[in-house]
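Contents: one structure, followed by commentary.
Number of protein chains: 2
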Amino acid sequence: MRASLISPETAVTISMYQTSVPRFASMLRNLSAILDKAQAHAEARKIDPAVLTNLRLYPDMLPMKRQVQIACDSAKSVVARLADVEVPKHEDTEETFADLKARIAKTIDFIQTVKPAQVDGTEEKNIHLKLGSREVDYKGMQYLLGHALPNFYFHVATAYDILRHNGVEIGKRDFLGNP
Amino acid sequence: MRASLISPETAVTISMYQTSVPRFASMLRNLSAILDKAQAHAEARKIDPAVLTNLRLYPDMLPMKRQVQIACDSAKSVVARLADVEVPKHEDTEETFADLKARIAKTIDFIQTVKPAQVDGTEEKNIHLKLGSREVDYKGMQYLLGHALPNFYFHVATAYDILRHNGVEIGKRDFLGNP
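So the protein sequences, as listed, match chains L and F. As numbered in our numbering, residues 13 to 191 make up the first sequence, in order. As numbered in our numbering, residues 13 to 191 make up the second sequence, in order.
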């Protein structure tokens, strides 16, 4: 079995683009497939899908649907900010699995409009963020590696964990995809 | 508040090293601090710590202690394989929070013995893995970005989610650290 996540023609050198757009797109496709399994699980057991999308691991923790929304936002925000294009606004109105899959699809569509040349070389780019009451200054590489990627993976893994905890039959291979 | 995850002197260009060793070390330190909070939680409520380290989100999912062990193994393995040094063997004998923190500490110590020059430029290095019955061939960058990093974050986030689900008072800031 030969791995084929990144085509050999483009895989020569690690870059800001290689570390962001293709990685986010790949994980978001995996998340979308996980939602398919969750929907099939709900249908087979006649569970209202909105029960699953609103499940939480703890009362003051965000529900599954918000984990998906924030994962999408984390991906689109860092890609847009590095590329110096406007971050597209996506309202958080999703309730069903189909809604969440559409949110994921439009996130993938957006980040794939950004070309490597727009993201590569942004290691030292100044990124100023207002996070609620806090303001944070990052350099591009620090923002991508130290904030955006861990934040993205946190929410994808937590969406997975919520579904797994509630009996959806998924395994780590669904999370990692098939590299 | 100014971010300071990566010192400006070394942050100029993304590289295989920058994307691996400092990121793994930073997240493992965050995980160690999360275990401190879990231990304090157990002590305050007179819960046997082994109850918390053995908790699972589902009967056929690995317990919290295994999530920590596998996160450590994921970090040490990719760093060692990229650098062409032997992967250190760490037996999975941990039961207490102190044990798990020691496992994390020795993982950080090991990966920090590896120098940037040993890891940089390994994007195209051939990595052959036996994963149970499967054999997988990766290139270095693909192995790091497409397998090792998502796998690492998966286990750190799942350790966090297990503790969070069981009432330990932690938030995403504990996971992300203080960038």
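All C-beta atoms, glycine included, are put in the ideal place defined by N, C-alpha and C. These figures come from a predicted structure and were not determined experimentally.
First through last residue of the alpha helix (DSSP H) which encompasses residue i
{"i": "ASN138(L)", "result": "Per DSSP, ASN138(L) belongs to no alpha helix (DSSP H); it is in the beta strand (DSSP E), 138 to 143."}
{"i": "VAL80(F)", "result": "76 to 95"}
{"i": "ALA129(F)", "result": "128 to 131"}
{"i": "ASP186(L)", "result": "184 to 188"}
Reduced DSSP category for residue i - H, G, I as helix; E, B as strand; rest coil
{"i": "GLU55(F)", "result": "helix"}
{"i": "TYR165(F)", "result": "helix"}
{"i": "TYR155(F)", "result": "helix"}
{"i": "VAL148(F)", "result": "strand"}
{"i": "SER32(F)", "result": "coil"}
{"i": "ARG134(L)", "result": "This sequence places Thr at residue 134(L); Arg is not what is there. Residue state, collapsed to three classes: coil."}
{"i": "SER27(L)", "result": "coil"}
{"i": "MET73(F)", "result": "coil"}
{"i": "ASP48(L)", "result": "helix"}
{"i": "PRO100(L)", "result": "coil"}
{"i": "ASN42(F)", "result": "helix"}
{"i": "ASP60(F)", "result": "coil"}
{"i": "THR105(L)", "result": "coil"}
{"i": "MET13(L)", "result": "With a pLDDT of 43 at MET13(L), under the threshold of 50, the modelled position of this residue cannot be trusted; read the value that follows with caution. MET13(L): coil per DSSP, three-state reduction."}
{"i": "ASN178(L)", "result": "coil"}
Beta strand (DSSP E) segment containing residue i, residue limits
{"i": "GLN111(F)", "result": "It is Asp, not Gln, that sits at residue 111(F) in the sequence shown. Here ASP111(F) belongs to no beta strand (DSSP E); instead the alpha helix (DSSP H) covers 109 to 123."}
{"i": "ARG192(F)", "result": "Because residue 192(F) is not part of the residues shown, which for chain F are 13 to 191, the question remains open."}
Beta carbon of residue i nearer than 7 Å to that of residue j
{"i": "ASP132(F)", "j": "MET39(F)", "result": "no"}
{"i": "LEU157(F)", "j": "ARG35(L)", "result": "yes"}
{"i": "LYS113(L)", "j": "LEU47(L)", "result": "yes"}
{"i": "TYR165(L)", "j": "HIS177(F)", "result": "no"}
{"i": "VAL168(F)", "j": "ILE123(F)", "result": "no"}
{"i": "THR170(F)", "j": "GLN79(F)", "result": "yes"}
{"i": "ALA160(F)", "j": "SER86(F)", "result": "yes"}
{"i": "LEU64(F)", "j": "ALA54(F)", "result": "yes"}
{"i": "LYS77(F)", "j": "GLU106(F)", "result": "yes"}
{"i": "GLU135(L)", "j": "THR25(F)", "result": "yes"}
{"i": "LYS137(L)", "j": "GLY152(L)", "result": "yes"}
{"i": "PRO61(F)", "j": "PHE109(F)", "result": "yes"}
{"i": "VAL196(F)", "j": "ALA83(F)", "result": "Any answer about residue 196(F) is impossible in this case: the structure gives chain F only from 13 up to 191."}
{"i": "TYR155(F)", "j": "ILE174(F)", "result": "no"}
{"i": "ILE116(L)", "j": "SER44(L)", "result": "yes"}
{"i": "ASN42(F)", "j": "GLY183(F)", "result": "no"}
Chain B contact for residue i (CB, 7 Å cutoff)
{"i": "TYR29(L)", "result": "Absent here is chain B; the protein component of the structure consists of chains L and F."}
* **Positions along the stretch 131 to 156 of chain L whose CB lies within less than 7 Å of some CB in chain F** => Cβ proximity to chain F below 7 Å picks out GLU135, GLU136, ARG146, GLU147, VAL148, ASP149, TYR150, LYS151, MET153 and GLN154 from the stretch 131 to 156 of chain L.
* **Residues, ordered as in the chain, of the stretch 160 to 171 of chain L that lie near chain F by beta-carbon distance below 9 Å** => So the close ones are LEU161, PRO162, ASN163, PHE164, TYR165, PHE166, HIS167, VAL168, ALA169 and THR170.
* Asked: What are the residues of the stretch 50 to 64 of chain F that lie near chain L, defined by any Cβ-Cβ distance shorter than 7 Å?
  -> Interface annotation for the stretch 50 to 64 of chain F against chain L: empty, criterion Cβ-Cβ distance under 7 Å.
* Selection of the stretch 85 to 115 of chain F by Cβ proximity to chain L, strictly under 8 Å -> Per Cβ criterion, the list is empty.
* Asked: Just by C-beta distance, which residues in the stretch 35 to 46 of chain F are closer than 8 Å to chain L?
  -> Flagged, chain order: ARG35, SER38 and MET39.
* Of the residues that make up the stretch 67 to 87 of chain F, which ones have a beta carbon closer than 8 Å to any beta carbon in chain L? -> For the stretch 67 to 87 of chain F, the residues whose beta carbon sits under 8 Å from a beta carbon of chain L are, in order, LEU69, TYR70 and MET73.
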